[in-house]
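Colleague: Protein chains in written order, with the numbering used here: chain Z, 1 to 550; chain U, 551 to 1100. Glycine is no exception: its CB is placed at the ideal position from the N, C-alpha and C atoms. All values derive from a computational prediction rather than experimental measurement.
There are 2 protein chains.
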Amino acid sequence: MFGLMMNAPLLVSSILRHAEAYHATTEIVSRTTEGPIHRYTYADLARRAKKVANALQRLGLKQGDRVGTLAWNGYRHLELYFGSSGSGFVCHTINPRLFREQISFIVAHAEDKVLFVDLSFVPILEAIAETLKGLKAIVVMTDAANMPESGALPELVCYETMIAGASDDFDWPVLDENAASGLCYTSGTTGDPKGVLYSHRSTVLHAMAVALPDVMSLSAVDAVSAIVPMFHVNAWGMPYAAPIVGAKLVMPGPKLDGESLHGLFEQEGVTMTAGVPTVWLGLLDWMDAHGKKFTSLKRVMIGGSAPPPVMITRFKKLGVDPRQGWGMTETSPFGLASALKAKHQSLPPDQKLPLEAKQGRPLFNVEFRVDGSDGKPIPRDGRSFGALLVRGPWVARRYFNSEPSPAHEVEGWFNTGDVVTMDEDGFVQIVDRTKDVVKSGGEWISSIELENIAQAHPSIKEAAVVGRPDERWGERPVLVVQLKPGTNFSRDDLQELYTGKISKWSIPDDVVIVDELPHTATGKLLKREIREIVLRDGSGRSPANEVTVN
Amino acid sequence: MFGLMMNAPLLVSSILRHAEAYHATTEIVSRTTEGPIHRYTYADLARRAKKVANALQRLGLKQGDRVGTLAWNGYRHLELYFGSSGSGFVCHTINPRLFREQISFIVAHAEDKVLFVDLSFVPILEAIAETLKGLKAIVVMTDAANMPESGALPELVCYETMIAGASDDFDWPVLDENAASGLCYTSGTTGDPKGVLYSHRSTVLHAMAVALPDVMSLSAVDAVSAIVPMFHVNAWGMPYAAPIVGAKLVMPGPKLDGESLHGLFEQEGVTMTAGVPTVWLGLLDWMDAHGKKFTSLKRVMIGGSAPPPVMITRFKKLGVDPRQGWGMTETSPFGLASALKAKHQSLPPDQKLPLEAKQGRPLFNVEFRVDGSDGKPIPRDGRSFGALLVRGPWVARRYFNSEPSPAHEVEGWFNTGDVVTMDEDGFVQIVDRTKDVVKSGGEWISSIELENIAQAHPSIKEAAVVGRPDERWGERPVLVVQLKPGTNFSRDDLQELYTGKISKWSIPDDVVIVDELPHTATGKLLKREIREIVLRDGSGRSPANEVTVN
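1) Thinking just about the alpha-carbon of each residue, which of U/Gly796, U/Ala599 and U/Leu755 is nearest to the one in U/Asp719?
2) Rounded to whole angstroms, how far is the Cβ of Z/Val279 from the Cβ of Z/Glu268, which I believe are closer than 8 Å?
3) Rounded to whole angstroms, what's the CA-CA distance from U/Glu1012 to U/Gln979? Just pull it up for me.
4) Could you check the C-alpha separation between U/Thr1049 and Z/Tyr240 for me, to the nearest Å?
5) Give me the chain Z residues within the contact set of U/Arg608, using Cβ-Cβ distance strictly less than 8 Å, ordered along the chain.
6) By DSSP, does Z/Asn452 sit in helix, in strand, or in coil?
7) Apart from the five residues just before and just after Z/His206, which ones in its own chain have a Cβ nearer than 6 Å to its Cβ?
8) Residues in its own chain within less than 6 Å of Z/Gly258 by CB, not counting five upstream and five downstream?
9) Report the partner residues of U/Asn965 according to the DSSP bridge assignment.
10) Near U/Glu629, which residues of its chain fall below 6 Å by C-beta distance, leaving aside the five closest residues on each side in sequence?
11) Please tell me whether U/His782 has its Cβ less than 7 Å away from any Cβ of chain Z.
12) Using DSSP with H/G/I as helix, E/B as strand and the rest coil, what is Z/Val431?
13) How far does the alpha helix (DSSP H) with Z/His290 in it reach, from first residue to last?
14) Against Z/Met238, what residues of chain U qualify as contacts under a CB-to-CB distance less than 8 Å, listed in chain order?
15) Quick check on the DSSP output: the alpha helix (DSSP H) that includes U/Thr753 runs from which residue to which?
16) Tell me whether the segment 934 to 941 of chain U and the segment 21 to 33 of chain Z touch, counting them as touching only if at least three CB pairs, one residue from each stretch, are closer than 8 Å.
17) Report all residues from its chain with a CB closer than 6 Å to the CB of Z/Pro148; omit the five preceding and five following residues, and keep chain order.
18) Taking only beta-carbon positions, decide if Z/Ile28 is within less than 7 Å of chain U.
19) Which of the residues in the segment 935 to 961 of chain U, read from start to end, lie with their CB under 9 Å from any CB of chain Z?
20) Where does U/Asp986 land, buried or exposed, given buried means 16+ other C-beta within 10 angstroms?
21) Going along chain Z, which residues have a C-beta under 7 Å from U/Gly796?
22) Assuming U/Leu561 contacts U/Glu727 (C-beta within less than 8 Å), just tell me the rounded distance between them.
23) Just to confirm, is the Cβ distance from U/Val826 to U/Gly803 under 7 Å?
24) Just to make sure I have the definition right: I need the residues of chain Z whose C-beta is within less than 8 Å of the C-beta of U/Pro872. Which are they?
25) With 7 Å as the threshold, decide whether the Cβ of Z/Gly372 is near any Cβ in chain U.
26) If you pair each beta-carbon of the segment 111 to 128 of chain Z with each one of the segment 67 to 85 of chain Z, do three or more pairs fall below 8 Å?
27) Hey, how far is the Cα of Z/Ala578 from the Cα of Z/Leu347?
28) In three-state DSSP terms, what is U/Trp1055?
29) Under the assumption that U/Ser767 contacts Z/Pro213 (Cβ atoms under 8 Å), give the Cβ distance between them as a whole number of angstroms.
30) If you measure from the beta carbon of Z/His92 to each beta carbon in chain U, is any gap under 7 Å?
31) Under 8 Å Cβ to Cβ from Z/Thr56, same chain only, skipping five residues before and after it: list those, please.
32) Residues of chain Z with a CB under 7 Å from the CB of U/Val771: which are they?
33) If we ignore side chains and look at the alpha-carbon of each, how far apart do Z/Gln351 and U/Ala677 end up?
34) Is it the case that the Cβ atoms of Z/Asp192 and Z/Met272 are separated by a distance below 7 Å?
35) Quick one: grab the DSSP three-state call for Z/Thr41.
36) Are any of the Cβ atoms in chain Z nearer than 7 Å to that of U/Tyr1111?
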């Protein structure tokens, strides 16, 4: 027997209609790519999003067609979010920081019909102009006065000119809530980027969840600044969550340095913000150097990668409540948030910090499972670890236009690729990536745990741990280190370093000393190459010889 | 094109599974009907709800069958909520305060297959025992030691005995999210009670919305006390919202007097509560009389009927943030909540109060429309008024097993029966019921507004305004008053009373003086009978004669 409630689909356009009707005069403030601060209201956003919708119709797009964007966080990007998804197209946000070949690949793979591009990113498109032949238009998100001349892309369209000619009368279509609304590619360290195709339903449910008190805690008294880019998993849902609750929205444009952010937050009375640790480090350092404080900021959400615990402490000293959030492109992104429970409130700060430094506990609607090396659920003791799997209404069930991926091998679940612990309260801590964990005799050894211990040794400048194939155990851990000038490190030092700190079978079998460890462009250890170094080094060579590879 | 997210239905069982997995040790505290305080955890709730599910299966119920409850707020009622809805049955909460004939009607109309009843309400069922022949079982929600002897109902089953024999191993079925999950009857002043059939989807979406900062603002640091009964629109969603966020849940059982509530709140560290003005008046008066304060309570949600503004002020003086919520059984219930916006924060208290005294502004997902007397949308000026219509995923599209109702006459909308104003920020204020508004010359006159003005006159003890048929205007307002002893009230007084306070055409044509105004059992004016008094009184008789009718 079915309930007798109204059939009201969850749609992105409903978010805009709500803000237009009930938060018409609430402000949206943007630092523009052109320079000046721009301010208008949700009513203005709604009016211009309708112009965008009409302009897209006029380009001859069909329902489900992808509308690509390469843009910073600002009001025009917001108009595209709602104008495209709201009218039945798919808003495809492209990360301009990817390699140009990847951008070419993504535009082609998504079959984008039109690209919208901020002034800053026109040179990227010029560089790949040859690969952009099939598009109906490339629209520069600026006004006529700021339109660039482009030899490589002679037919650039001006955004303001385009929408000036479009009507602001538009009835948002009533779509199926499972219709696609957004597309975002994730670029792993291997293989081509993979597209995650969000639905209206997943977008709305995730945005409601993000606004809850234990996640971002958003309301109509807030001024919310989305610092995480709108090309990173839809700025973690903030462009949707803010209009749902009627919060003022503050957009930083391209300026993410400490001085610019602090100035913007103070000027606009920002109460809540969210972004990655790198950006916050810049902000905190600039504030320290200039003796600045926050007068309005109350909460900060930190995600993308784990913040160092000292960052949590630094925000608290500034009177700001920091909260960690964990997610992936495939999870819309939020699956975990680190809000403490009632039972933790009376803990002393030094006992709160280790909990706050964890990635967090599950949001309602997102279900997790942690499978140990034997494929069975691990004990929820905060120490045992296993592979993190997730499912829920805002988790991807497959990638766009791709073969089934190994991440979806377990029926009904998505394998995050993270190896984690979980405690009895549901707090999850990432200990490694699945591909980096050392699988020894059926047990898993966290490379990160061994690296952190090695990193504290006075002789070691940088340490990596990888698995080396082993006939008896499958794999055994090997420590690879770059030493500080004028120091030594022997096998005896290895034993001494680890004994008593970890179980005996987890202690690396061997140590290899190198001049320098290989890194990715963003500074992460290149484990694949380090594994090759270890293989080349062979198993018989003793570090007592102080062998230096490379 | 469809999105590629997982097909994860929104289910009541998911709420319980979330709390069981991630808030296992969080407490549920109940004042029992038997007397003592009972405490256990979400893990215990989940275990016993599974026993309930197995026991219901054993009774031979089929999917969609209704499980009736007549019970206070407590842990066993909670087990029934999840045990019945979670396993595919419909949890039908029955209001024990209704007339016995209505309860008989409701049990028969809902075709309840089994009734669960608190000790306090066994006498109600005994009184209607003749009408309960078709039930598979009547289960008393107590243990063997407290089981009553009943002549009228000789085959009463003991709840604890029943579930003691049931396994706590149960896999919650994966249902369609549009399956019915709950049933609640609303009793108007006319006609038979009408059933609203909630779905899993509507229940989950509403519970998520209720937890948002601008509604109840619920999180894992809260201890939430559901004072509004679980037989009143599912205690406004709190039994679902608390486990969604992992809040401690505190249930008052039958004791709703000021002393009991204050004691419970203090003892259990309650931070947030919700209920009707009558209960809060009792609590506030008792606290005043005994010089008591709150040490943990931070927020109170007031709904069911509009609180007098002084109640808002009294809560604030006690350091508690009061918030009004508006809803109906047909709207799950919440559609409006009175949280102020950022722009209101700096207003002085006397300018905040009139806003806080309004019923509130729309929650996301609930859309409103206010049609003036001409059927067109009214200006959003906070003064013009019209009929309030509503739609959304947690609004009823029709009543259970009933003919289409006039409330659903406008396609796609539910007519609330309220006449309201709305301001530019979306704040709604109820000015009358549609059936009580006086329709004069195409304009609507609020009977409540005229009554409030009359109520302030020194001679008037109680006032009512109703419409009298009028050939030229359709209807004209007539004031009907009970005077204070030894006072007079003439037509001249009538003119003087209203002149300058309202537009001239709204001033009542006539005044009728009565010994006493007729009321419903719950103290509301019986407008239908008052209209008859006015008709009997005729239009030619002058109040200057001091005519007394009845």
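Modeller: This is what the structure holds:
1) U/Ala599
2) Rounded, the Cβ-Cβ distance is 17 Å, inconsistent with contact.
3) 23 Å
4) 50 Å
5) What U/Arg608 touches in chain Z: nothing, since even the nearest Cβ is about 21 Å away.
6) helix
7) Gly237, Ser332 and Trp394
8) Gly282, Leu283 and Trp286
9) U/Leu939
10) Arg598, Ala599 and Val602
11) no
12) strand
13) Pro277 to His290
14) Chain U residues near Z/Met238: none, gap ~15 Å exceeds 8 Å.
15) His750 to Val760
16) no
17) Val122
18) no
19) Arg941, Gly942, Pro943, Trp944, Val945, Ala946, Arg947, Arg948, Tyr949 and Phe950
20) buried
21) Lys341
22) 6 Å
23) no
24) Within 8 Å Cβ-Cβ: nothing; U/Pro872 doesn't reach chain Z, min ~16 Å.
25) no
26) yes
27) This structure does not reach residue 578 of chain Z, given that chain Z is present from 1 up to 550, and the question cannot be answered.
28) helix
29) 5 Å
30) no
31) Note on residue identity: the sequence assigns Leu, not Thr, to residue 56 of chain Z. For Z/Leu56, where only same-chain residues beyond five positions count, the Cβ hits under 8 Å are Val67, Gly83, Ser84, Ser87, Phe89 and Val114.
32) Lys341, Ala342 and Gln345
33) 59 Å
34) no
35) strand
36) Outside the shown range of chain U (551 to 1100) lies residue 1111 of chain U, about which nothing can therefore be said.
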